[in-house]
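**Student:**
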Amino acid sequence: MRRALLAILSLFINLSICYATHNRAGEITYRQISDLTFELTITTFTYTLSAADRDELTVDWGDNTTSVAPRVEIVYLPNFYKRNKYIINHTFPGPGIYEIVVQDPNRNHGVLNIPNSVNVVFCIKTTMLINPAIGFNNTPVLLNPPIDQAALGRKFVHNPSAFDYDGDSLSYSLAICLKENGEPIENYTFPPSSDTLYVDPLTGDLVWDSPMETGNFNIAINVEEWRHGIKIGNIVRDMQITVFEIDNNPPVNPELNNFCVEAGTYIEYNITSTDEDKDLVTHSATGGVFLFENDSAEFLNTDSDSGYVTSVFRWQTTCTHVREQPYSIVIKVEDNNEELSLVDIDNFNIKVLGSAPKNVITIPTNNYIRLHWSPSICNNVTGYRIYRRIGSYGFVPDTCENGIPGYTGYVPVGETTGLNDTVFMDNNNGEGLLQGTEYCYMIVALYPNGTESIASGEVCSVLMQGTPVITNVSVKHTDRLNGSIFLAWAKPKDLDTIPAPGPYEYRIYRSPGIWGSNFSLVHTFQTVDLEDTTFVDTLINTTDFGFTYRVELYNDEDGNRFVIGNPDEASSIFLHIEPADNELILCIRKNVPWINTDYIIYRQNRATLNFDSLSVSKDTVYHDINLANGVEYCYLVKSIGTYSRQGIVDPLV
């Protein structure tokens, strides 16, 4: 009687455990339908033999409301797994950050790294950001199921094969499994490993090297979604790994190559994987490239025998595939072993680039530069972005680089709209460009998702010399009352004499300070041949501050009097000295339209009263050290510069 009672009790306990042990893995994903309405998909993996079976699950939306999601799909999988899919729509009250939580009692019995797992609520969580400024957003889809098998003492690799339809950047990290209300499980421990356990933040590879105990283990992978450097959501995926003790060796993939191609390139890539135990092996591949309705990739077995399999990856890329993030393809090779099938998982990336704009030309005038280029070969291009810098940099994109990096000094100065809008007039937003300055340009095509193409080749140009170009602003005498400054300019060699037939008049304006804004007329003189190109400004205070000058050219014809072009401004060099202990800090201040390459520092010799060359600096700050405190020192600075164009004196001194 006692033996029978114990048997009945044991059966009751086992049935209770069986009833409660069903949740093994899962995740929550969503897609945006309208501004505030989303379709939510809950995917769970449960134990087939358990009596617990949920036709619906309750969703906590994070906005103080809950809903019941019905099950819409059941798929029975090997090894007593069942995949359940629940779908429901929800409209949120407004923009904000929402934590969506789904929980269900309970986890399956015997998860070794979750104490008393059968009594721990199974919980999965996804966080979303609703913000009109970032646009619509959908979570990535996770193409590999969160259930897998590992071998005791053998390195285990799993990849969720995440694909983001929006092209957002993804990052990955290891996380703690959750219990009620999305809280971390107390006393949870990560599975023990002989070496390491981690998730690669870039590829998403879960690497467990290597399992030390047989049984079931659960881990969580946090998949974070980023757009323009802003975190816009994350999925906490709960995953179960079952570890077995076997003699089988896993098959091995070769080292895979990454690809970087221009849109329109056809890719054909053969992959051969091997198995040292000579088991029959099979290939499979997952990734977003296989999901496209049109122009999707294919992965086909071409040859196999005991111990190896060869497959070919083929993809005809098109302009619609251009995006900032590369496409990740996960390759899995699995052996057909009698004890337990093992796998090797590796991935490779393909980045699809938009072709660079071609045939860029510049057409300079007296005031602006017009650019023209050929339309892109991609019909989905939405426009073009024009970048500019002063002087050539010589940037050449590498084989896998789109856009123009900031370190080049190029900055965007305008955009055009439409595939065939291939003309841009650069007039510096109406302020005019500077005479004598070399302007360099690079252009990129823009795609619907905001991605920039490969940069065009660099082209450079200068304005036609239709206005005076200042070449020298030099302090001739330093004095508070009798200071003087020498001013020189190059005459306008490319003056358009049809609208401005002459005679002409030079007007010289001066403003105190090197960033002068209070200009006053200090001298005028008429000229017929434009050869008078120097002026000495006297009786000014050159001790306490510098001066900025502007030379204007007027057409001085009766009834047709006007200023020609946009005059440049240039300042004298003003030297500011800051004292320190046994040193003086020389700060060179200037505002000029040309490029200064060197500064020659002179210090007065106290014995001869001559100014001796002290150093040549490329910076505008110079430290004169090892000086005696309390002693007065006098300095001069000479700049060496250039306009980098023909027809103007070079160097400028």
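Numbered according to the numbering used here, the sequence shown spans residues 871 to 1523. Cβ coordinates follow ideal geometry from the N, Cα and C atoms, glycine included.
With C-beta atoms as the reference, is S1323 less than 9 Å away from S1225?
**Tutor:** Yes. Within cutoff.
**Student:** Just tell me which of N986, F1162, Y1424, D1216 has its CA closest to the CA of K1025.
**Tutor:** Nearest C-alpha to K1025: D1216.
**Student:** Which residues in the same chain have their Cβ closer than 7 Å to the Cβ of Q1305, if we skip the five residues on either side of it in sequence?
**Tutor:** Once the five neighbours on either side are set aside, the close Cβ partners of Q1305 are L1333, Q1335, T1337, V1339, D1438.
**Student:** Taking its Cβ as the centre, do 16 or more other Cβ atoms sit within 10 Å of T1413, making it buried, or is it exposed?
**Tutor:** By the neighbour-count rule (16 or more Cβ atoms within 10 Å), T1413 is not buried but exposed.
**Student:** Tell me the residue span of the beta strand (DSSP E) that contains T1144.
**Tutor:** Element bounds for T1144: 1136-1144.
**Student:** Would G850 be called buried (16 or more neighbouring beta carbons within 10 Å of its own) or exposed?
**Tutor:** Because the chain here runs from 871 to 1523, residue 850 falls outside it and cannot be looked at.
**Student:** What do you get for D1399, buried or exposed, if any count of 16 or more other CB atoms within 10 angstroms of its CB means buried?
**Tutor:** Looking at its Cβ environment, which holds fewer than 16 other Cβ atoms inside 10 Å, D1399 is exposed.
**Student:** How is S987 classed by DSSP in three states: helix, strand or coil?
**Tutor:** In this structure, S987 counts as helix in the three-state DSSP scheme.
**Student:** Look at the alpha carbon of D1038 and the alpha carbon of K1148, and state the distance between them as a whole number of angstroms.
**Tutor:** Computed Cα separation, rounded: 41 Å.
**Student:** Between R941, L1013, S1031, Y900, which has its C-alpha nearest E969's C-alpha?
**Tutor:** Nearest option by C-alpha distance: Y900.
**Student:** Quick one: what does DSSP say G1500 is sitting in, helix, strand or coil?
**Tutor:** DSSP places G1500 in coil when its eight states are reduced to three.
**Student:** Can you grab the Cα-Cα spacing for the pair N1461 / G1386, in whole Å?
**Tutor:** So the alpha carbons of these two residues sit roughly 9 Å apart.
**Student:** Short check: CB of N1086 to CB of V1113, under 9 Å?
**Tutor:** Contact: yes.
**Student:** Looking only at DSSP bridge pairs, what is M1312 linked to?
**Tutor:** Its beta-bridge partners are Y1257.
**Student:** For T911, which option in F1160, E1194, I994, D933 has the closest C-alpha, if you only look at C-alpha atoms?
**Tutor:** Of the candidates F1160, E1194, I994, D933, the one whose C-alpha sits nearest the C-alpha of T911 is I994.
**Student:** What whole-angstrom Cβ distance do I1458 and L1445 have, given they're in contact under 8 Å?
**Tutor:** Right, their Cβ atoms sit about 6 Å apart.
**Student:** Given that a residue counts as buried once 16 or more other Cβ atoms are within 10 Å of its Cβ, and exposed if not, what is D1407?
**Tutor:** The residue is buried, with at least 16 neighbouring Cβ atoms inside 10 Å.
**Student:** Quick check: the segment 1081-1101 against the segment 1241-1256, are at least 3 beta-carbon pairs closer than 8 Å?
**Tutor:** Short answer: they don't touch.
**Student:** For the beta strand (DSSP E) containing L1212, name the first residue and the last one.
**Tutor:** It is not in any beta strand (DSSP E) - L1212 carries neither H nor E in the DSSP assignment.
**Student:** Under 7 Å Cβ to Cβ from F1162, same chain only, skipping five residues before and after it: list those, please.
**Tutor:** Nothing listed; no residue qualifies.
**Student:** With DSSP as the reference, label S1514 as helix, strand or coil.
**Tutor:** Coil, per DSSP.
**Student:** Just mark C1504 as buried or exposed, buried being the case when its beta carbon has 16 or more other beta carbons within 10 Å.
**Tutor:** The residue in question, C1504, is exposed, as its Cβ has fewer than 16 Cβ neighbours within 10 Å.
**Student:** Using the beta-carbon count (16 or more within 10 Å), is S1485 buried or exposed?
**Tutor:** Exposed is the call here.
**Student:** Suppose the cutoff is 7 Å on Cβ atoms and the five residues either side in sequence are ignored; what does the same chain contact list for F1415 look like?
**Tutor:** Excluding positions up to five away in sequence, the list reads P1382, G1383, F1444.
**Student:** Mapping DSSP to helix, strand and coil, what is V1343?
**Tutor:** Of the three classes helix, strand and coil, the one that applies to V1343 here is strand, per DSSP.
**Student:** Quick check on C1270: does DSSP put it in helix, strand or coil?
**Tutor:** Coil at C1270, not helix or strand.
**Student:** If the criterion is Cβ atoms closer than 9 Å, does the pair A1315 and Y1257 meet it?
**Tutor:** No, Cβ-Cβ distance for A1315 and Y1257 is not below 9 Å.
**Student:** Assign Y1277 to one of three DSSP states: helix, strand, or coil.
**Tutor:** Helix, per DSSP.
**Student:** F1294 to T1287, Cα distance in whole Å?
**Tutor:** When rounded, the distance between both Cα atoms is 11 Å.
**Student:** Would G1374 be called buried (16 or more neighbouring beta carbons within 10 Å of its own) or exposed?
**Tutor:** Gly is not the amino acid found at residue 1374; the sequence shown has Tyr there. Y1374 should be labelled buried.
**Student:** Does V1159 come out as helix, strand or coil in the three-state DSSP assignment?
**Tutor:** Reduced to three states, the DSSP call for V1159 is helix.
**Student:** Need the endpoints of the beta strand (DSSP E) that R1377 sits in, please.
**Tutor:** Counting along the chain, the beta strand (DSSP E) containing R1377 begins and ends at 1374-1382.
**Student:** Three-state secondary structure (DSSP) at C1248?
**Tutor:** It is coil, neither helix nor strand.
**Student:** Run through the segment 1061-1100 for me and flag every whole beta strand (DSSP E) of 3 or more residues, listed as ranges in chain order.
**Tutor:** Segments of the beta strand (DSSP E) lying fully in the segment 1061-1100: 1063-1069, 1076-1081, 1085-1097.
**Student:** Please report the distance separating the alpha-carbon of H960 from that of V938.
**Tutor:** Approximately 11 Å between the Cα atoms of the pair.
**Student:** Tell me the rounded alpha-carbon separation between N1475 and A1440.
**Tutor:** Spanning the two alpha carbons is a distance of roughly 31 Å.
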